[in-house]
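S.K.:
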Amino acid sequence: MKNKGFTLIELMITVAIVGILVAVALPAYTNYSNRGKITDALAALGDYRVKMEQYFQDNRNYGTVNAACPVTLAASTYFTYSCTVGASTPTVSYTATATSIAGAVGRTAGDYAYTINEANAKGTTAFKGDAVTKTCWVIRGGEC
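Numbering follows our numbering, with no gaps: position 60 of the sequence shown is 64.
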C-alpha cells in the first residue's frame with residue numbers, strides 16, 4: 005500500500021526554506037518601501053522651499069525672526085514638517101525640517117530627518133536612527 009502525501013520532514017524543510025526567504029526579503033522590502041516614503045518628504049521640502057521663495061518675493065523677508073515660517077505644508081502620513089526663521093546677515097534665513105513619524109517610516113519618531121534652507125543647502129540629520137550630519141539628502145545606505 006502506497007500512501008500519497010508529504011512526510012513531516014518534507015513539510016518542515018519547506019517551512020524552513022520559506023522562513024529563510026521571508027527573513028531575507030522582508031528587510032529588503034521594508035527598505036524599498038521607506039525609500040518611497042522618503043522621496044515624498046524630499047519632494048515636499050523642495051516644494052516648501054519654492055513657497056518660501058515666493059513669500060520672500062512678495063514680502064521681502066522670510067517672516068519674523070525666531071518664529072515659525074509663515075508658509076505651511078499639508079499634513080503628511082509619514083513625516084512632520086517644521087520650519088523656523090532665523091537671523092543671518094544681511095537678510096533673514098530659514099530652515100525647514102522633515103522628521104519621520106513613529107511607525108510610518110522606521111520604528112521610532114525621528115529615524116529619518118532632512119533639512120533645507122534658503123540657500124538650497126540640503127542636509128540629513130538622522131538616517132535609520134543613526135545620528136548623521138551630511139550636507140546632502142541620504143536616501144539609502146549613506147549614499148547621497
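Glycine is no exception: its CB is placed at the ideal position from the N, C-alpha and C atoms.
Mind checking if SER37 is an interface residue toward chain B, Cβ cutoff 7 Å exclusive?
M.R.: No chain B appears in the structure shown, which is made up of a single protein chain.
S.K.: Give me the Cβ distance between GLY114 and ALA130, rounded to the nearest whole Å; I'm assuming they're in contact under 8 Å.
M.R.: Numbered from 1 along the sequence shown, position 110 holds the residue referred to as residue 114. Numbered from 1 along the sequence shown, position 126 holds the residue referred to as residue 130. That belief holds up - the Cβ atoms of GLY114 and ALA130 are roughly 6 Å apart, short of 8 Å.
S.K.: Quick one: is LYS126 buried, meaning 16 or more other Cβ sit within 10 Å of its Cβ, or exposed?
M.R.: Here residue 126 refers to the residue found at position 122 when the sequence shown is read from its first residue. Counting Cβ neighbours within 10 Å, LYS126 comes out buried, since at least 16 surround it.
S.K.: Less than 6 Å between C-beta atoms, sequence neighbours within five positions excluded: which residues of the same chain meet that for TYR52?
M.R.: Start at 1 with the first residue of the sequence shown, and residue 52 comes out as number 48. If we look at TYR52 and ignore the five residues flanking it on each side, its Cβ neighbours are LEU77, ALA100.
S.K.: With distances taken between CB atoms, is the gap from THR128 to VAL109 smaller than 7 Å?
M.R.: By 1-based counting over the sequence shown, the position of residue 128 is 124. By 1-based counting over the sequence shown, the position of residue 109 is 105. Against a cut-off of 7 Å, the Cβ pair of VAL109 and THR128 comes out as no contact.
S.K.: Since ALA106 and LEU49 are thought to touch, with beta carbons under 8 Å apart, how far apart are those beta carbons, to the nearest angstrom?
M.R.: Mapped onto the sequence shown, residue 106 falls at position 102. Mapped onto the sequence shown, residue 49 falls at position 45. The Cβ separation is near 20 Å, so there is no contact.
S.K.: Could you name the residues that DSSP lists as bridge partners for SER104?
M.R.: Here residue 104 is taken as the residue at index 100 of the sequence shown, counted from 1. Looking at the DSSP assignment, SER104 forms a beta bridge with PHE83.
S.K.: Look up VAL96 in the DSSP assignment and say whether it is helix, strand or coil.
M.R.: Residue mapping note: residue 96 aligns to position 92 of the sequence shown, counting from 1. The answer is strand: DSSP assigns VAL96 an E or B state.
S.K.: Give me the Cβ distance between VAL89 and ALA71, rounded to the nearest whole Å; I'm assuming they're in contact under 8 Å.
M.R.: Taking the first residue of the sequence shown as position 1, residue 89 is located at position 85. Taking the first residue of the sequence shown as position 1, residue 71 is located at position 67. About 6 Å separates the two Cβ atoms, so the contact holds.
S.K.: Once DSSP output is grouped into helix, strand and coil, what is the label at GLU147?
M.R.: Locating residue 147 in the sequence shown gives position 143, counting from the first residue. Strand.
S.K.: What first and last residue would you give for the beta strand (DSSP E) that runs through GLY127?
M.R.: Residue numbering aside, residue 127 sits at position 123 when the sequence shown is read from its first letter. It spans 126–131 - the beta strand (DSSP E) in which GLY127 sits, taken as one unbroken run.
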